[in-house]
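Chains as they are written, first to last, in my numbering: chain B, 12 to 127; chain D, 12 to 127.
To start, the structure itself, in structure tokens.
There are 2 protein chains.
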Amino acid sequence: MANLEIRPAEMQVLIDDQRAGLTVREFQIFWVLAERQDRVVTREEIYRLIWDGRLPRRNRSVDVFVRKVRVKLEKLAPEWSYIHTHFGIGYRFSPEPGGDQSSASSAASSNGNLNS
Amino acid sequence: MANLEIRPAEMQVLIDDQRAGLTVREFQIFWVLAERQDRVVTREEIYRLIWDGRLPRRNRSVDVFVRKVRVKLEKLAPEWSYIHTHFGIGYRFSPEPGGDQSSASSAASSNGNLNS
DNA sequence: ACAGGCTTTCACCAACTCTTCACCAACGCC
DNA sequence: GGCGTTGGTGAAGAGTTGGTGAAAGCCTGT
């Protein structure tokens, strides 16, 4: 099983002791979601928390960074999926085994380790 | 017994910790009824609250979404029924054990009493 | 000014949802 | 039972939202 370690103070994410190498923005996205594990966070809220302001129509920043984070996490743990999409709503952070079920349904258990 | 959890802010419905996976519209229908638990809500009102406007004759949107919600809830709790039909009137949300009793009949007689 | 890395935006395409239609079953009334 | 009305159900097309690759814009240090 993949061991996830998060160090907010250093903006570092490690999986099995390997650094994910997230950039600042990428980590912010990751952290906003990870802090709210198992909860669905709307794009509006994510945007507001990171960029301070209302999410402009058709702004795709959040999606783009979610993807970048996904790519880096997947590189370290191909058999796990961390960020799940809730169509029309937002994203949810929940470490789950299995490539990616893409989301909306599925169970809700898991235990990530939020070290601080 | 089935444990029902509703998170309006996330538009999520969980039964025994399993996500129902409702879409935005589906959740809206669910929420309009759940907020008014044990009350019969007319199609007209449901439509007005979600679509803003008068329910066009022969518009079946409400029925279709009620079904979609029922299917998803039933998947998680086959032994429970949540949304009950009141023929000629509308729908009522009340979690009840038992697959489906298809509910109270209640007539829409001229001296009928309309709860408000 | 230039190079390298990070952020933001753009455009195209895939996936999903919403809405409507058609047909059938259930109900209420005679 | 027979008939007209209302609700259940499955499916399909249109419209919306998200995934993705890449270009353009910014910053910082050299």
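Note that beta-carbon positions come from the ideal geometry of N, C-alpha and C, so glycine has one too.
Nearest candidate by alpha-carbon position, reference residue i, set the options
i, options, result
"Gln48(D)", "Asn70(D), Pro67(D), Tyr93(D)", "Tyr93(D)"
"Leu66(B)", "Arg78(B), Val77(B), Thr53(B)", "Thr53(B)"
"His97(D)", "Ala20(D), Ala31(D), Asp74(D)", "Asp74(D)"
"Glu90(B)", "Val51(B), Arg78(B), Val80(B), Glu107(B)", "Glu107(B)"
"His95(B)", "Lys83(B), Leu87(B), Ala88(B), Val77(B)", "Val77(B)"
"Arg81(B)", "Met22(B), Ala20(B), Asn14(B), Glu37(B)", "Glu37(B)"
Reduced DSSP category for residue i - H, G, I as helix; E, B as strand; rest coil
i, result
"Pro67(D)", "coil"
"Glu90(D)", "coil"
"Gln39(B)", "helix"
"Ile57(D)", "helix"
"Leu84(D)", "helix"
"Phe104(D)", "strand"
"Leu44(D)", "helix"
"Arg50(D)", "coil"
"Ser120(D)", "With a pLDDT of only 32 at Ser120(D), under 50, the local geometry of the prediction cannot be trusted, and the value read off the model is given with reservation. Note: Ser120(D) maps to coil in three-state DSSP."
Cα-Cα separation between residue i and residue j, rounded to whole angstroms
i, j, result
"Asp45(D)", "Gly99(D)", "Strictly speaking, residue 45(D) in this sequence is Ala, with Asp absent from that position. Cα to Cα, the separation comes out at about 20 Å."
"Ile61(D)", "Leu25(D)", "22 Å"
"Ser120(D)", "Arg103(B)", "Bear in mind that the predicted position of Ser120(D) carries a pLDDT of just 32, short of 50, making it too unreliable to give a figure here."
"Glu16(D)", "Gly101(B)", "19 Å"
"Ser105(B)", "Ser105(D)", "31 Å"
"Arg18(B)", "Gln39(D)", "38 Å"
"Lys86(D)", "Arg50(B)", "22 Å"
"Thr34(B)", "Gly64(B)", "21 Å"
"Arg59(D)", "Met12(D)", "34 Å"
"Ser72(B)", "Trp42(B)", "16 Å"
Exposure of residue i, with buried meaning 16 or more beta-carbon neighbours within 10 Å
i, result
"Glu55(D)", "exposed"
"Gly32(D)", "buried"
"Gln29(B)", "exposed"
"Lys83(D)", "buried"
"Glu21(D)", "buried"
Proximity test, residue i beta-carbon vs the ligand COA heavy atom, cut-off 6 Å
i, result
"Ala31(B)", "Among the components of this structure there are no ligands whatsoever, and the ligand COA is therefore not found."
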